[in-house]
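To keep things clear, I will list the structure first and then write my remarks on it.
Residue numbers (the UniProt record's numbering): 1 to 207.
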């Protein structure tokens, strides 16, 4: 099997894919495509993804772009633990978590952690954007914890793709002075403790 991951270790979405690969115990090669240096928009990477985004994977001469497609594909074709919940309702919970994060979570969270960690990448420190991001991030986490309910993970009793989506951005938020306020959401602390204990989380720190 040949599996290559194209993507910068600083990208939350790349970390999401790497966490899945670690959970699966998969062997893979990684080619760093540095978002901070604009490398995704160079001709070499545009030939892989015309939209200039990471991650991208090549698996046995089959290319997949877009994190949601990459995650579902790898979970299906790679041996090891399944990260897709077994029941229709739990699959819906994981899918909702992914969609909420993509549509409302990532941008809001990035406006907060980017303010402190990558200000140049997000166009500078905008206080109004950061404050709005804090409120939207709190709403996102609140809704995700409602989906989780009393279960240990977002998609039910077992770790799912939905959890892997959320974890990397939360890791960046945890490095900011605003983390305490955002993470005060009911139910979040226990989930976050479980995530930080995962070997796949520990093995994929952003570089």
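All residues carry an ideal CB built from backbone N, CA and C; glycine is no exception. Just so you know, these numbers come straight off a predicted model, no measurement behind them.
Paired residues, beta bridge with residue i - DSSP
i	result
residue 183	Answer is none; residue 183 lacks a bridge partner.
7 Å CB neighbourhood of residue i in its chain, flanking five on each side removed
i	result
residue 114	121 and 122
residue 60	1 and 2
residue 237	Since the first residue of the chain shown is 1 and the last is 207, residue 237 is not available in this structure.
residue 134	112, 178, 181 and 182
8 Å contact criterion, which residue i and residue j should meet: CB distance rounded
i	j	result
residue 83	residue 20	6 Å
residue 9	residue 32	7 Å
8 Å CB neighbourhood of residue i in its chain, flanking five on each side removed
i	result
residue 145	185, 186, 187, 188 and 191
residue 169	12, 101, 105, 106, 109, 110 and 113
residue 154	93, 94, 97, 144, 147, 148, 160, 162, 163, 166 and 191
residue 36	8, 10, 118 and 121
residue 140	100, 101, 104, 105, 108 and 109
Minimum C-alpha distance to residue i - residue among the options
i	options	result
residue 106	136, 9 and 59	136
residue 66	195, 16, 143 and 87	16
residue 176	112, 51 and 79	112
residue 22	33, 202 and 54	202
residue 27	43, 18, 33 and 179	18
residue 131	156, 178, 46 and 195	178
residue 151	90, 196, 207 and 134	90
residue 68	88, 87, 196 and 14	14
Spatial neighbours of residue i in its chain, beta-carbon cut-off 6 Å, leaving aside the 5 residues before and after
i	result
residue 24	78 and 80
residue 4	29 and 58
residue 64	57, 70 and 73
residue 116	176
residue 129	111
residue 158	none
residue 207	9
In chain order, which alpha helix (DSSP H) runs of at least 4 residues are fully inside the UniProt domain "GST N-terminal" (1-82)? Entirely contained in the UniProt domain "GST N-terminal" (1-82), the alpha helix (DSSP H) runs reaching 4 residues are, in chain order, 12-24, 43-46 and 67-77.
If we require 4 or more residues per run, which alpha helix (DSSP H) segments fall completely within the UniProt domain "GST C-terminal" (87-207)? Counting only runs of 4 or more, we get 88-100, 106-117, 127-148, 161-173, 179-182, 188-196 and 199-202.
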